[in-house]
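Respectively, the protein sequence lines represent chains A and B. Going by the working numbering, the first sequence opens with residue 1, and the numbers climb by one from there. Going by the working numbering, the second sequence opens with residue 429, and the numbers climb by one from there.
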Amino acid sequence: MTEFALVNARLIDPEQEDETQGGLIVRNGTIAARLRPGDSPPDIPSIDCDGKCLAPGIVDIGVKVGEPGERHKESFKTAGRAAVAGGVTTMVIRPDTTPAIDNPETLEFVMRRAAGVCPARIAPMAALTKSRAGREMVEMGFLMDAGAVAFSDGDTVVQDHKVLSRALTYAASLGALVITHPQDPGLSKGAAVTSGKFATLRGLPAVSPVAERMGLERDLALVEMCGTRYHADQITTARSLPALRRAKDAGLDVTAGVSIHHLTLNEFDVGDYRTFFKVKPPLRSEDDRLAVAGAVAEGTIDVICSMHTPQDEESKRLPFEEAASGAVGLETLLPAAMRLVQNGNLNLPTLWRALSLNPARRLGLENGRLSVGAPADLVLFDPNAPFVLDRFKLNSKSKNTPFDGARMEGKVLRTFVGGAQVFGPGDS
Amino acid sequence: MPFRARHLLGIETLAPYEIVTLLDLSDSYVDLNRSRAKHSDKLAGLTQINMFFENSTRTQASFEIAGKRLGADVMNMSMAASSIKKGETLIDTALTLNAMHPDLLVVRHPHSGAVDLLAQKVNCAVLNAGDGRHEHPTQALLDALTIRRAKGKLHRLNIAICGDIAHSRVARSNILLLGKMENRIRLIGPRTLMPSQVAELGVEVYEDMREGLNGVDVVMMLRLQRERMDGGFIPSEREYYHRYGLDPEKLAYAKPDAIVMHPGPMNRGVEIDGTLADDINRSVIQDQVEMGVAVRMAAMDLLAQNRATATPGVMV
Numbered sequence: 001m002t003e004f005a006l007v008n009a010r011l012i013d014p015e016q017e018d019e020t021q022g023g024l025i026v027r028n029g030t031i032a033a034r035l036r037p038g039d040s041p042p043d044i045p046s047i048d049c050d051g052k053c054l055a056p057g058i059v060d061i062g063v064k065v066g067e068p069g070e071r072h073k074e075s076f077k078t079a080g081r082a083a084v085a086g087g088v089t090t091m092v093i094r095p096d097t098t099p100a101i102d103n104p105e106t107l108e109f110v111m112r113r114a115a116g117v118c119p120a121r122i123a124p125m126a127a128l129t130k131s132r133a134g135r136e137m138v139e140m141g142f143l144m145d146a147g148a149v150a151f152s153d154g155d156t157v158v159q160d161h162k163v164l165s166r167a168l169t170y171a172a173s174l175g176a177l178v179i180t181h182p183q184d185p186g187l188s189k190g191a192a193v194t195s196g197k198f199a200t201l202r203g204l205p206a207v208s209p210v211a212e213r214m215g216l217e218r219d220l221a222l223v224e225m226c227g228t229r230y231h232a233d234q235i236t237t238a239r240s241l242p243a244l245r246r247a248k249d250a251g252l253d254v255t256a257g258v259s260i261h262h263l264t265l266n267e268f269d270v271g272d273y274r275t276f277f278k279v280k281p282p283l284r285s286e287d288d289r290l291a292v293a294g295a296v297a298e299g300t301i302d303v304i305c306s307m308h309t310p311q312d313e314e315s316k317r318l319p320f321e322e323a324a325s326g327a328v329g330l331e332t333l334l335p336a337a338m339r340l341v342q343n344g345n346l347n348l349p350t351l352w353r354a355l356s357l358n359p360a361r362r363l364g365l366e367n368g369r370l371s372v373g374a375p376a377d378l379v380l381f382d383p384n385a386p387f388v389l390d391r392f393k394l395n396s397k398s399k400n401t402p403f404d405g406a407r408m409e410g411k412v413l414r415t416f417v418g419g420a421q422v423f424g425p426g427d428s
Numbered sequence: 429m430p431f432r433a434r435h436l437l438g439i440e441t442l443a444p445y446e447i448v449t450l451l452d453l454s455d456s457y458v459d460l461n462r463s464r465a466k467h468s469d470k471l472a473g474l475t476q477i478n479m480f481f482e483n484s485t486r487t488q489a490s491f492e493i494a495g496k497r498l499g500a501d502v503m504n505m506s507m508a509a510s511s512i513k514k515g516e517t518l519i520d521t522a523l524t525l526n527a528m529h530p531d532l533l534v535v536r537h538p539h540s541g542a543v544d545l546l547a548q549k550v551n552c553a554v555l556n557a558g559d560g561r562h563e564h565p566t567q568a569l570l571d572a573l574t575i576r577r578a579k580g581k582l583h584r585l586n587i588a589i590c591g592d593i594a595h596s597r598v599a600r601s602n603i604l605l606l607g608k609m610e611n612r613i614r615l616i617g618p619r620t621l622m623p624s625q626v627a628e629l630g631v632e633v634y635e636d637m638r639e640g641l642n643g644v645d646v647v648m649m650l651r652l653q654r655e656r657m658d659g660g661f662i663p664s665e666r667e668y669y670h671r672y673g674l675d676p677e678k679l680a681y682a683k684p685d686a687i688v689m690h691p692g693p694m695n696r697g698v699e700i701d702g703t704l705a706d707d708i709n710r711s712v713i714q715d716q717v718e719m720g721v722a723v724r725m726a727a728m729d730l731l732a733q734n735r736a737t738a739t740p741g742v743m744v
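Shown next as structure tokens:
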């Protein structure tokens, strides 16, 4: 029986929506008890948290690991190290690999690859359609048996309404969660940035924010028809929010996420064609950024994710239109999210509701909370520790972060997965 | 006034006094080009490489003549059919060329920002000869020189730019340059060919051509880029000509002494009436071509001077 205590901590509890001074007792990988300030420290090994923040580990929906197919961009080992260094204890991995994770055999292969080398937990998503081609649905039942927590074609849109409606109906019969990328593929074809003054100045092909709303409205209409549990991977524009609110008010089982990049950066950050700022969907206007941050605060948007997408230098050192989309985010998610706290958009418990509690609940996972009995997946961090990000110090194999050289605050001190320290001083 | 730029990548980064410096020097090259000798040794011993990743006849010829008249060793590389097709990346191509120690690199590329990217990787002066829909700075400078010589000034003029603004790097560079020089700019075209939120660049937008041309000093027509019309931006060429083609009737709304410009190559009968384009009392289209050589000579001359004073260093 292993037992230890974390004492003298500032506990961030997203479930109670409060923060308190105190500590935790961890026994056999689960949270066994809460300590109040003044409680005499029990006679077990204890770690002094020095008044720093102790929160549930982050559950990150939508992490791309390059296995299988693109191991030169990211492996389970490097992604796992990056995750725990960033306070991410569960990586919900994307199926948009090469080949796609669209059958139980590939899913088992992936889980075997991760076993033993990845210090973070893995919750796999499977493709919604075979080869993510948008024509035939995958073997959802078998894939759920193999451990798939959700079904998604990544950033590929299932264009055929009939195919999508059948997949949604079948998923509903199994109680499966379906995640889509709301976007109208016709309007967004070939676009590299969001239309507006910046796109006009830079002469880049652009997509109107309306394309996201159109994609979302279509998906929500089908979800209403099919009764599916549904999550929109990224809602990034103000124009999409009324549709999302309507669906929630109507009682549909709908949630939505947003990437940290769309919450902390805007279209002008692309500057002189900096391809590390090319993400999908493209960065939006400052008005959209503020509206979406507000939607996270009020709970219309449920989940913040890193949308970790490793790309090597060769895919990025190209003219902007030709360059690959995506940014790594596992290690920068927490410090970037602290910007939202420092700017007064969110407080820490609300932030952690979006980083760990909501995503865990949505996927039916036990972690993501500080309650007694929950798995001891924890992150200890100093919210005010400043640093300048050097992309070459990232654990990810790919270094394509938009925050290179950025001044950030918020350093992870220790990370625990199932009660075992996987990041921090003297870790095993 | 000094000209500080190391590269000529766009109008956006030029200060008004740099534009004036360049235009003043261009005037002297117009005189040289009209003389019998037409030659100077300003760039003697320097190597100029013209890299065109997109087909071009007139711009490439203009840069080539400009370099040769200044005594540079000029080499043309038609990249549209070259190593890019073999899978080499733009940066590798740039590094390969850089190792050959060129002094001036003239680049045209179909993608916006590609010339900026290339300029970061070489240690010679780079001139943007057009990148995607972004900028075409020497075109805007030659247009400015043409206007200044025809109108005697380059400020407080009413200038209309008509046609396919959305796909035009010429329009972007001209909007920036003419705006910096304190002119009133009107954009005229159907809404499908207007970039989004373009009014925020400090211009007036008109959909009715007659209204837009009312009282202007300069009418700048743009080529209707048929090769970029991948999805029906206009119903037909004849409807376009009817509504936005420049003919004597529509031109009558402009000032009586308004000049007509076109960056070429023209689609006669699509965006401009053929006889109007040839009317030497109104059209300055041939002058634009002449000014083009002079402006490019001036630009390369100034960049070569800056190159000599720039701190040596390896930039890779």
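All residues carry an ideal CB built from backbone N, CA and C; glycine is no exception.
So which residues on chain A does L629 (chain B) lean against when the C-beta distance must stay under 8 Å?
Locating residue 629 (chain B) in the second sequence gives position 201, counting from the first residue. K197, T200 and L201, listed in chain order.
For the region 394 to 409 of chain A and the region 451 to 460 of chain B, state whether three or more C-beta atom pairs, one from each stretch, are separated by less than 8 Å.
Touching, no.
S285 (chain A) and T200 (chain A): beta carbons closer than 8 Å?
Residue numbering aside, residue 285 (chain A) sits at position 285 when the first sequence is read from its first letter. Residue numbering aside, residue 200 (chain A) sits at position 200 when the first sequence is read from its first letter. Result no, Cβ atoms of S285 (chain A) and T200 (chain A) do not sit closer than 8 Å.
Between G741 (chain B) and D520 (chain B), what straight-line distance do the alpha-carbon atoms span, to the nearest angstrom?
For this step, residue 741 (chain B) is matched to residue 313 along the second sequence. For this step, residue 520 (chain B) is matched to residue 92 along the second sequence. Here the model assigns G741 (chain B) a pLDDT of 42, short of 50, so the residue's position is not dependable, and the following value carries that caveat. Those two C-alpha atoms are separated by around 19 Å.
Would a C-beta distance cut-off of 8 Å place A9 (chain A) and G22 (chain A) closer than the cut-off?
Taking the first sequence and counting its residues from 1, the one referred to as residue 9 (chain A) is at position 9. Taking the first sequence and counting its residues from 1, the one referred to as residue 22 (chain A) is at position 22. Contact: yes.
Which two residues bound the contiguous beta strand (DSSP E) that contains A420 (chain A)?
One-based indexing of the first sequence puts residue 420 (chain A) at position 420. Note, A420 (chain A): beta strand (DSSP E), A420 to F423.
Could you pull out every residue in the same chain whose Cβ sits closer than 6 Å to the Cβ of L346 (chain A), ignoring the five residues on either side in sequence?
The residue you call residue 346 (chain A) lines up with position 346 of the first sequence. Annotation for L346 (chain A): A297 and L340 place their beta carbon closer than 6 Å to its own, counting only its chain and skipping 5 residues before and after.
Straight-line CA distance for L244 (chain A) to Q421 (chain A)?
Numbered from its first residue, the first sequence carries residue 244 (chain A) at position 244. Numbered from its first residue, the first sequence carries residue 421 (chain A) at position 421. Using only the alpha carbons, I get a separation of about 39 Å.
Could you check where the alpha helix (DSSP H) with V372 (chain A) kicks off and where it finishes?
By 1-based counting over the first sequence, the position of residue 372 (chain A) is 372. Run containing V372 (chain A): none; DSSP gives neither H nor E here.
Taking Cβ positions, are A588 (chain B) and V646 (chain B) nearer each other than 8 Å?
Residue numbering aside, residue 588 (chain B) sits at position 160 when the second sequence is read from its first letter. Residue numbering aside, residue 646 (chain B) sits at position 218 when the second sequence is read from its first letter. In contact: A588 (chain B) and V646 (chain B) (Cβ atoms closer than 8 Å).
With a threshold of 7 Å on Cβ separation, who are the neighbours of T228 (chain A) within its own chain once the five nearest residues in sequence on each side are excluded?
Numbered from its first residue, the first sequence carries residue 228 (chain A) at position 228. Cβ contact annotation for T228 (chain A) (same chain, cutoff 7 Å, sequence separation greater than five): L168, A171, A172 and V178, in chain order.
List the residues of chain B whose Cβ lies closer than 7 Å to the Cβ of L283 (chain A), in chain order.
Stepping through the first sequence from its first residue, residue 283 (chain A) is reached at position 283. Below the 7 Å Cβ cutoff, chain B contributes no neighbours of L283 (chain A), its closest Cβ being approximately 15 Å away.
The region 518 to 542 of chain B: positions lying closer than 8 Å to chain A by Cβ:
Cβ contacts with chain A come from L518, I519, H537, H539, S540, G541 and A542.
Establish whether the CB of M743 (chain B) and some CB of chain A are separated by less than 8 Å.
Locating residue 743 (chain B) in the second sequence gives position 315, where the first residue counts as 1. Because M743 (chain B) carries a pLDDT of 39, less than 50, the predicted location of this residue cannot be relied on, and the following value inherits that uncertainty. So, not an interface residue.
Rank A:G418, A:G419, A:R414 and A:S325 by C-alpha distance to the C-alpha of D50 (chain A) and give the top, closest one.
Mapped onto the first sequence, residue 50 (chain A) falls at position 50. Closest in alpha carbon position to D50 (chain A), among A:G418, A:G419, A:R414 and A:S325, is A:R414.
Using a Cβ-Cβ cut-off of 7 Å (strictly less than) and excluding sequence neighbours within five positions of L546 (chain B), which residues of its own chain qualify?
As a working note, residue 546 (chain B) is residue 118 in the second sequence. These residues qualify, in order along the chain: L518, A522, V535 and V554.
Could you check whether G62 (chain A) and C226 (chain A) sit closer than 8 Å to each other, using their CB atoms as the reference points?
On the first sequence, residue 226 (chain A) is found 226 positions in, with the first residue counted as 1. On the first sequence, residue 62 (chain A) is found 62 positions in, with the first residue counted as 1. No; because the gap between Cβ atoms is not below 8 Å, this pair is not in contact.
Between S428 (chain A) and E331 (chain A), what straight-line distance do the alpha-carbon atoms span, to the nearest angstrom?
As a position in the first sequence, residue 428 (chain A) is number 428, starting the count at 1. As a position in the first sequence, residue 331 (chain A) is number 331, starting the count at 1. The predicted position of S428 (chain A) is uncertain, since its pLDDT is 46 and thus under 50; no value can be drawn from it.
Distance, A100 (chain A) Cα to G720 (chain B) Cα
Residue numbering aside, residue 720 (chain B) sits at position 292 when the second sequence is read from its first letter. Residue numbering aside, residue 100 (chain A) sits at position 100 when the first sequence is read from its first letter. Roughly 54 Å between the two C-alpha positions.
Segments of 4+ residues assigned as alpha helix (DSSP H) that fall wholly inside the region 594 to 652 of chain B
DSSP runs (the alpha helix (DSSP H)) wholly in the region 594 to 652 of chain B: 597 to 608 and 637 to 641.
Please report the distance separating the alpha-carbon of A489 (chain B) from that of A295 (chain A).
Start at 1 with the first residue of the second sequence, and residue 489 (chain B) comes out as number 61. Start at 1 with the first residue of the first sequence, and residue 295 (chain A) comes out as number 295. Looking at the two C-alpha atoms, the distance is approximately 56 Å.
List, from N- to C-terminal side, the alpha helix (DSSP H) runs of 4 residues or more that fit wholly inside the region 110 to 138 of chain A.
List check, alpha helix (DSSP H) in window: nothing returned.
Can you give the Cα-Cα distance for K579 (chain B) and M648 (chain B), rounded to whole angstroms?
For the purposes of this step, residue 579 (chain B) is taken as residue 151 along the second sequence, with counting starting at 1. For the purposes of this step, residue 648 (chain B) is taken as residue 220 along the second sequence, with counting starting at 1. C-alpha separation (whole angstroms): 14 Å.
Using a cut-off of 8 Å between C-beta atoms, extract the partners of D544 (chain B) located in chain A.
On the second sequence, residue 544 (chain B) is found 116 positions in, with the first residue counted as 1. Under the 8 Å cutoff, chain A gives D272 and Y273.
Cutting at 6 Å between CB atoms, please list the residues of its own chain near L382 (chain B), excluding the five before and the five after it.
The displayed coordinates of chain B run from 429 to 744. Any statement about residue 382 (chain B) would go beyond what the structure contains.
What does Q625 (chain B) touch in chain A if you count any residue whose Cβ is under 7 Å from its own?
Looking up residue 625 (chain B) in the second sequence gives position 197. For Q625 (chain B), the neighbours in chain A by C-beta distance under 7 Å run, in chain order, G196, K197 and T200.
So, does the CB of P402 (chain A) fall closer than 8 Å to a CB anywhere in chain B?
In the first sequence, residue 402 (chain A) corresponds to position 402, counting from 1. False, the Cβ-Cβ gap to chain B never drops below 8 Å.
Short Cβ contact (8 Å threshold) for N395 (chain A) with R81 (chain A)
Translated into positions along the first sequence, residue 395 (chain A) becomes position 395. Translated into positions along the first sequence, residue 81 (chain A) becomes position 81. Yes, the Cβ-Cβ distance between N395 (chain A) and R81 (chain A) is below 8 Å.
Output the distance between the C-alpha atoms of E67 (chain A) and S325 (chain A), rounded to the nearest integer angstrom.
As a working mapping, residue 67 (chain A) is identified with position 67 in the first sequence. As a working mapping, residue 325 (chain A) is identified with position 325 in the first sequence. In a straight line, the C-alpha of E67 (chain A) is about 18 Å away from that of S325 (chain A).
Enumerate in chain order the residues of its own chain whose CB-to-CB distance from E502 (chain B) is below 6 Å, with the five nearest sequence positions on each side excluded.
Mapped onto the second sequence, residue 502 (chain B) falls at position 74. Here residue 502 (chain B) is Val; the residue named in the question, Glu, does not match the sequence. Cβ neighbours of V502 (chain B) within its own chain (closer than 6 Å, five residues either side excluded): Q476, E492, G495 and K496.
Residues that I179 (chain A) bridges to, as DSSP identifies them
Taking the first sequence and counting its residues from 1, the one referred to as residue 179 (chain A) is at position 179. Bridge pairing for I179 (chain A): A:S152 and A:H231 [DSSP].
Let me know the secondary structure DSSP gives S173 (chain A) once reduced to three states.
Here residue 173 (chain A) corresponds to residue number 173 of the first sequence, with the count starting at 1. Assigned with DSSP and collapsed to three states, S173 (chain A) falls in helix.
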